[in-house]
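Take a look at the structure set out below.
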Amino acid sequence: MPDYIRWLRQQVGQEPVFLNFAGACVPHHGQVLLQRRSDDGCWGLPGGALELGESAEEAAVREVAEETGLRVRIDGLLGVYTKYRHVYPNGDVAQPITVFFRCSVVGGQLTEGDRETRELRFFALSALPPLGHQQHTDALADLRAGRAGVYR
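Just so you know, we're using the working numbering here: the sequence shown kicks off at 1183 and counts up by one.
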């Protein structure tokens, strides 16, 4: 958990807060890269919380590198997903604001070395596992439908 979120929770406890996230949709030969997270065991698109002073684009590129070992280039905005509510196992409540980008791999090597990553795998868009968060499900539905620049 980034220091800012830890600090914020010390101030407001478990009250609902807005949290800002950025993630990457990395399509490759009709498949998409998914990460199985270590903290909750759920599948989803690689990504994470923005750090203070960081843009959403910078966060997406950084998070993909940290979680997958891949260097990516932002190709465009997939969508901004804002209508969600998430209750964490410890009772914290948040409305995540997530910006997903469509990205291409420009270097690096796929590796599961990050402590936040249990597993990485490419899945066919027609055979995705159950995803842990609705905004990830919606983003992948938008990708399948060929939509970009979506706001939800």
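All C-beta atoms in this analysis are idealised placements derived from N, C-alpha and C, irrespective of residue type, glycine included.
Item to check | At least 3 beta-carbon pairs within less than 8 Å: the region 1234 to 1243 vs the region 1316 to 1334 | outcome: No, the region 1234 to 1243 does not touch the region 1316 to 1334.
Checklist entry - Nearest-angstrom Cα distance between L1259 and D1221? => result 27 Å
Checklist entry - Buried or exposed: which applies to F1203, given that a residue is buried once 16 or more other Cβ atoms fall within 10 Å of its Cβ? => result buried
Checklist entry - I think Q1213 touches F1305, with their Cβ atoms under 8 Å apart; what is that distance to the nearest whole Å? => result 6 Å
Checklist entry - From Y1186 to G1235, what does the alpha carbon distance come to, in whole angstroms? => result 11 Å
Item to check | Residue range of the unbroken beta strand (DSSP E) whose run includes R1219 | outcome: 1213 to 1219
Checklist entry - Between H1307 and G1226, is the Cβ-Cβ spacing less than 9 Å? => result It should be noted that the sequence gives Leu, not His, for residue 1307. Their beta carbons are not under 9 Å apart, which means L1307 does not touch G1226 by this criterion.
Next on the checklist: Helix, strand or coil, according to DSSP, for E1340 in the structure here?
Outcome noted: In the structure as shown, the chain begins at 1183 and stops at 1334. Residue 1340 is therefore absent and cannot be evaluated.
Item to check | For R1326, the nearest candidate out of Y1333, A1231, A1309, R1219 (CA to CA) | outcome: A1309
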